Amino acid sequence: MPNSNVTKKSPSGDKKNPQGSPVQQNKSSNIARRFFFTLFLILLCVGLAFSLSPRNKLEEVPLSDVIARANEENGNIRKITVSGNELKITLKGKDQPTEVSRKDPSGTLYDQGLKNACADLTGDGLKECQGKYPVIEYETTSDIWGTIFDAAIIIVPTLILIGFFFYMMRQAQSMNKESMGFGKAKAKLYGPDKKKVTFKDVAGNEAAKQDLTEIVDFLKNPKRYEKLGAKIPRGVLLAGAPGTGKTLMARAVAGEANVPFFSISGSEFAEMFVGVGASRVRDLFKKAKSNAPSIIFIDEIDAVAHKRDARGGAGREDEQTLNQILVEMDGFDNDSGVIVMAATNRVDMLDKALLRPGRFDRHVNVTLPERKDRLEILKVHFKNKPVVSDLDLESLAAKTAGSSGADLANIANEAAIGAARENREKITNADLTEAFERVAIGPERKSKVMNDYERKVTAYHEAGHAIVGHVLPDSDPVHKVTIIPRGQTGGVTWFLPPEDRSYKSIYELKDILARAMGGRIAEKIIFGDDNVTTGASSDLKNVAELAKEMIVEEGMGSETRNLVFPSEETGYYTISTGKPYSEKTAELIDKEIKALSDEAAKRAELVLKANTDALDRLAAALLEKETLEEKDCEALLKGTTLPKAAALH
Ligand code: ADP
Ligand code: ZN
Ligand code: MG
665 MPNSNVTKKS PSGDKKNPQG SPVQQNKSSN IARRFFFTLF LILLCVGLAF
715 SLSPRNKLEE VPLSDVIARA NEENGNIRKI TVSGNELKIT LKGKDQPTEV
765 SRKDPSGTLY DQGLKNACAD LTGDGLKECQ GKYPVIEYET TSDIWGTIFD
815 AAIIIVPTLI LIGFFFYMMR QAQSMNKESM GFGKAKAKLY GPDKKKVTFK
865 DVAGNEAAKQ DLTEIVDFLK NPKRYEKLGA KIPRGVLLAG APGTGKTLMA
915 RAVAGEANVP FFSISGSEFA EMFVGVGASR VRDLFKKAKS NAPSIIFIDE
965 IDAVAHKRDA RGGAGREDEQ TLNQILVEMD GFDNDSGVIV MAATNRVDML
1015 DKALLRPGRF DRHVNVTLPE RKDRLEILKV HFKNKPVVSD LDLESLAAKT
1065 AGSSGADLAN IANEAAIGAA RENREKITNA DLTEAFERVA IGPERKSKVM
1115 NDYERKVTAY HEAGHAIVGH VLPDSDPVHK VTIIPRGQTG GVTWFLPPED
1165 RSYKSIYELK DILARAMGGR IAEKIIFGDD NVTTGASSDL KNVAELAKEM
1215 IVEEGMGSET RNLVFPSEET GYYTISTGKP YSEKTAELID KEIKALSDEA
1265 AKRAELVLKA NTDALDRLAA ALLEKETLEE KDCEALLKGT TLPKAAALH
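Counting in this note's numbering, the sequence shown runs from 665 upward without gaps.
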């Protein structure tokens, strides 16, 4: 039952570029098509041959029947022609066989019960036997169709196997060629004719767009800059949280400048064989230069260019790739007309060599959207969707602080899916709310059964969060409380900031810790210390994480105030502890974290014990209505008091 400013946990929208490439796919599917076409032809020929064979006109009869009739005196069989295991039966008064049968290959016809027939080994036995019993004629060379049939049984599967083998060989070869770095395919080219993305498709982020407009201008009028002796930027690094639109922005630059765009993702390098990454880089730069002016875009560059000295250094392969990128960038002439863009969400992890002058020396920060930008992004994503006329995007923008562009695109898509699921023509405000909550926490699970006791525990738990958050002065107001299960949770209490803020004070963070504890403490007060449930596990995890962040990163401990500690990713390592600090410091940090969480529990308890009426009131209302909106909560929480000991200032 998370109690949090839900918009904080924005699901990562960092989608990787689809791997593989149109060209490569075409190639292999061509081979496949040719192979299957050939196979089809072979099968067609074999089938045709069988349908033309005279065998088809013969009637299949069981061996026992043939033997019975052959043993009969004056039976109707004149001749049995044996070729291999096949028997062709010619009836009396006929010239051609009309029936066919097969004998058991293990023995002769006589072994299998034929008694009185006479064999025509010399060619004249026929006369002697004529009349009474059939003549057995042995064909030394079986007929052509029988041979084909027998052979086909062996040959066709062999051919298929050989064909398949060759197909696999070709496939492997072509894959090898592709990954050897000479394939034209891997780097995706969005030429001027491909579907264009422009700055219009990128909402908000005016500052970043401003910076990039300059790049576009250079790509369009390189001469103007050269004449004035201006140094042209070579590398532009887009930095920002996942889903903020870095990839989109890079494509927009290409679209605006109308130049070819060669893009590759850092994670693709990671999949390559040894030595391939570097040659791929060489190839990429060569292609870009021959298509200049052009853009090379290396998405998620942190995958290849992380610090070489951090934690035992990057892998040798990554290092080669990174070195090749550096070599290529250094080798650029000023008038090469190629701009290298890269994107990362971890600037701090990048190798410093990449950031030196002449390399990625231009930094463009792509930030999480502010409220008005969120509105613009939502407008972009609802532009081509049918919506009701009073769709309230403003309030959605207001309550999505901390969401990235990708999150908002996701909400817009979920809203459309929701409307389609219910077969409606237009997207409504209810769809927006549902989509927002679904993206933030998970789908509603009405089907999840809770018994009465569980519902009661959940109601008190959520009421506990709500009251603590409402009473403490530095917490955001309660936006909504519900005991309808959603995603992994049994119930949710939402706090939403009335406006976007960039900084949080220590008071606010401590109130967040206390209200997160509110759920567990309410359970304890009502049901007893021994009856607390697992419903608070994610609350407690959030408390632990936030408290650690406050101590390690924000210098908010009481003994360690203004002191921060190196993180395990970026810090040096003390050999004796395997941590970036000493054992003693580790103990101190643990102590500080515990102090924060104890304090939070204490404050929650003080607040809830002083407001037990409100706790009962709110829990009862939740049990009755399941969901309480902001104004319902406000009305129910009137008269709650803040005990002096729980106040921080
Ligand atoms: P990043 O590369 O920073 O992780 P992307 O560029 O892949 O993010 O963005 C993912 C998706 O989110 C985009 O395809 C787009 O639909 C949406 N998006 C992100 N930022 C914006 C924005 N500023 N305006 C419009 N759509 C955006
Ligand atoms: Zn909870
Ligand atoms: Mg991206």
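A virtual CB, placed ideally from N, CA and C, is assigned to each residue, including glycine.
Owing to the predicted nature of the structure, the values given are computational and were not obtained by experimental measurement.
Taking the alpha-carbon of VAL991 as reference, which of ALA1268, GLY899 and GLU1078 has the nearest alpha-carbon? What you label residue 991 is simply residue 327 of the sequence shown in a count that begins at 1. Of all alpha-carbon atoms in ALA1268, GLY899 and GLU1078, the one lying nearest the alpha-carbon of VAL991 is that of GLY899.
With ASP963 as the anchor, note down where its beta strand (DSSP E) starts and where it stops. Reading the sequence shown from its first residue, position 299 is the one you call residue 963. In the DSSP assignment, ASP963 falls within the beta strand (DSSP E) that extends over 958–963.
Using only alpha-carbon positions, find the residue among GLY1133, ILE1148, VAL799 and GLU964 that is nearest to LEU912. Locating residue 912 in the sequence shown gives position 248, counting from the first residue. The residue among GLY1133, ILE1148, VAL799 and GLU964 with its C-alpha nearest the C-alpha of LEU912 is GLU964.
Just to confirm the assignment, what range does the beta strand (DSSP E) spanning SER927 have? One-based indexing of the sequence shown puts residue 927 at position 263. Its beta strand (DSSP E) spans residues 925–929.
Beta carbon of THR1031: closer than 7 Å to some heavy atom of the ligand MG? Here residue 1031 refers to the residue found at position 367 when the sequence shown is read from its first residue. No.
Alpha carbon of TRP1158 to alpha carbon of LYS951, nearest angstrom: Against the sequence shown, residue 1158 aligns to sequence position 494. Against the sequence shown, residue 951 aligns to sequence position 287. Cα to Cα, TRP1158 sits roughly 52 Å from LYS951.
Which stretch, first to last residue, makes up the alpha helix (DSSP H) that contains PHE1046? As a first step, residue 1046 must be located in the sequence shown, where it is residue number 382. Taken as a continuous stretch (DSSP letters only), the alpha helix (DSSP H) holding PHE1046 covers 1035–1046.
Can you find the residues in the same chain that come closer than 6 Å, C-beta to C-beta, to LYS1295, ignoring five residues on each side of it along the sequence? Mapped onto the sequence shown, residue 1295 falls at position 631. The answer is none, since no qualifying residue turns up.
TYR1171 to LYS884, Cα distance in whole Å? Residue mapping note: residue 1171 aligns to position 507 of the sequence shown, counting from 1. Residue mapping note: residue 884 aligns to position 220 of the sequence shown, counting from 1. Roughly 51 Å separates the two Cα atoms.
Measure the CB-CB distance between ASP1095 and GLY1082 and report whether it falls below 8 Å. Translated into positions along the sequence shown, residue 1095 becomes position 431. Translated into positions along the sequence shown, residue 1082 becomes position 418. The answer is yes: Cβ separation under 8 Å.
For ASP1015 and LEU986, believed in contact at Cβ under 8 Å, the rounded distance: Position 322 of the sequence shown, counting from 1, holds the residue named residue 986. Position 351 of the sequence shown, counting from 1, holds the residue named residue 1015. Between ASP1015 and LEU986 the Cβ distance is about 6 Å, and since that is below 8 Å, they are a contact.
If ASP1071 and ASN869 are in contact, beta carbons under 8 Å, what's the gap, nearest whole angstrom? Counting from 1 along the sequence shown, the entry for residue 1071 is found at position 407. Counting from 1 along the sequence shown, the entry for residue 869 is found at position 205. Not quite, the Cβ-Cβ distance comes to about 15 Å (not below 8 Å), so this is no contact.
Is it the case that the CB of ILE1257 approaches a heavy atom of the ligand ADP more closely than 7 Å? As a position in the sequence shown, residue 1257 is number 593, starting the count at 1. Flag unset: Cβ of ILE1257 not near the ligand ADP.
Say yes only if the C-beta of ALA1007 is nearer than 7 Å to one or more non-hydrogen atoms of the ligand MG, and no if none qualify. Locating residue 1007 in the sequence shown gives position 343, counting from the first residue. True, at least one ligand heavy atom lies under 7 Å from that Cβ.
With a cut-off of 8 Å on the beta carbons, I'd call LEU876 and VAL917 a contact; round off their distance for me. Along the sequence shown, one-based indexing puts residue 876 at 212. Along the sequence shown, one-based indexing puts residue 917 at 253. Taking the Cβ atoms as the reference, LEU876 lies roughly 5 Å from VAL917, within the contact range of under 8 Å.
What would DSSP say about SER1261, mapped onto helix, strand or coil? For the purposes of this step, residue 1261 is taken as residue 597 along the sequence shown, with counting starting at 1. The three-state reading of DSSP puts SER1261 in helix, counting H, G and I together.
Measuring only the C-alpha atoms, how far is LYS1047 from GLU1086? Working through the sequence shown from its first residue, we reach residue 1047 at position 383. Working through the sequence shown from its first residue, we reach residue 1086 at position 422. Whole-angstrom Cα-Cα distance: 21 Å.
Between VAL1103 and the ligand ADP, is the CB less than 7 Å from at least one heavy atom? Working through the sequence shown from its first residue, we reach residue 1103 at position 439. Within the chosen limit of 7 Å, the ligand ADP does not reach the beta carbon of VAL1103 with any heavy atom.
Opposite ASN738 in the DSSP bridges: which residues? Taking the sequence shown and counting its residues from 1, one reaches residue 738 at position 74. None; ASN738 has no bridge partner.
4-residue-minimum alpha helix (DSSP H) runs that sit fully inside the segment 1159–1202, ordered along the chain: Runs of the alpha helix (DSSP H) lying entirely within the segment 1159–1202, each at least 4 residues long, are 1170–1191 in chain order.
Evaluate contact between the segment 1298–1311 and the segment 1152–1169, counting only Cβ atoms and requiring at least three cross-stretch pairs below 8 Å. Segments in contact, no.
From the DSSP output, which residues share a beta bridge with LYS743? Taking the first residue of the sequence shown as position 1, residue 743 is located at position 79. BP columns for LYS743 point to THR754 and VAL799.
Closest to GLN988 by C-alpha separation, out of ALA969, LEU1204 and GLU1118, would be which residue? Translated into the one-based positions of the sequence shown, residue 988 becomes position 324. It is ALA969.
The ligand ZN heavy atom lying under 7 Å from the CB of ALA1061: Position 397 of the sequence shown holds residue 1061. No, since every heavy atom of the ligand ZN falls outside the 7 Å radius drawn around the Cβ of ALA1061.
From ALA1285, ALA1186, GLN984 and VAL1216, residue whose alpha carbon lies closest to that of THR1146: Counting from 1 along the sequence shown, the entry for residue 1146 is found at position 482. Nearest to THR1146 by alpha-carbon distance, out of ALA1285, ALA1186, GLN984 and VAL1216, is ALA1285.
DSSP on MET1114, reduced to helix/strand/coil? The residue given as residue 1114 occupies position 450 in the sequence shown. Assignment of MET1114 by DSSP, reduced to helix, strand and coil, places it in the coil class.
What's the call for GLN689, buried or exposed, on a 16-neighbour Cβ count within 10 Å? As a position in the sequence shown, residue 689 is number 25, starting the count at 1. With a pLDDT of 40 at GLN689, under the threshold of 50, the modelled position of this residue cannot be trusted; read the value that follows with caution. Per the 10 Å Cβ criterion, exposed.
So, for VAL1207: in the same chain, excluding its five sequence neighbours on each side, which residues have a beta-carbon less than 7 Å away from its beta-carbon? Stepping through the sequence shown from its first residue, residue 1207 is reached at position 543. The residues are LEU1177, ALA1180, MET1181, SER1261 and ALA1264.
Nearest to VAL945 by CA position, among PRO957, GLU932 and VAL861, is which residue? Counted from its first residue, the sequence shown places residue 945 at position 281. In terms of Cα proximity to VAL945, the closest of PRO957, GLU932 and VAL861 is GLU932.
Buried or exposed (CB count within 10 angstroms, at least 16 for buried), ARG1225: In the sequence shown, residue 1225 corresponds to position 561, counting from 1. Counting every other CB atom within 10 Å of its CB across the protein chains shown gives ARG1225 a total below 16, marking it as exposed.
Within the continuous alpha helix (DSSP H) that includes ARG1281, where are the two ends? Against the sequence shown, residue 1281 aligns to sequence position 617. Here the alpha helix (DSSP H) through ARG1281 covers 1276–1289.
Same chain, Cβ closer than 8 Å to GLU723, neighbours up to 5 away in sequence not counted: Residue mapping note: residue 723 aligns to position 59 of the sequence shown, counting from 1. The beta carbon of GLU723 lies closer than 8 Å to those of THR762, GLU763 and VAL764 in the same chain, with the five residues before and after it left out.
What's the C-alpha gap between PHE1229 and ARG1010? Position 565 of the sequence shown, counted from the first residue, corresponds to residue 1229. Position 346 of the sequence shown, counted from the first residue, corresponds to residue 1010. Straight-line Cα distance between these residues: approximately 19 Å.
Rounded Cβ spacing between ILE1131 and LEU1292 (contact assumed at less than 8 Å): What you label residue 1131 is simply residue 467 of the sequence shown in a count that begins at 1. What you label residue 1292 is simply residue 628 of the sequence shown in a count that begins at 1. About 12 Å separates the CB atoms of ILE1131 and LEU1292; that is not less than 8 Å, and the two are not in contact.
Tell me, to the nearest whole angstrom, how far the beta carbon of LEU1160 is from that of LYS1063; I am working on the premise that it is less than 8 Å. Residue 1160 sits at position 496 when you count from the first residue of the sequence shown. Residue 1063 sits at position 399 when you count from the first residue of the sequence shown. Between LYS1063 and LEU1160 the Cβ distance is about 5 Å, and since that is below 8 Å, they are a contact.
I need the boundaries of the alpha helix (DSSP H) containing LEU1057, first residue and last residue. Taking the sequence shown and counting its residues from 1, the one referred to as residue 1057 is at position 393. Here the alpha helix (DSSP H) through LEU1057 covers 1057–1062.
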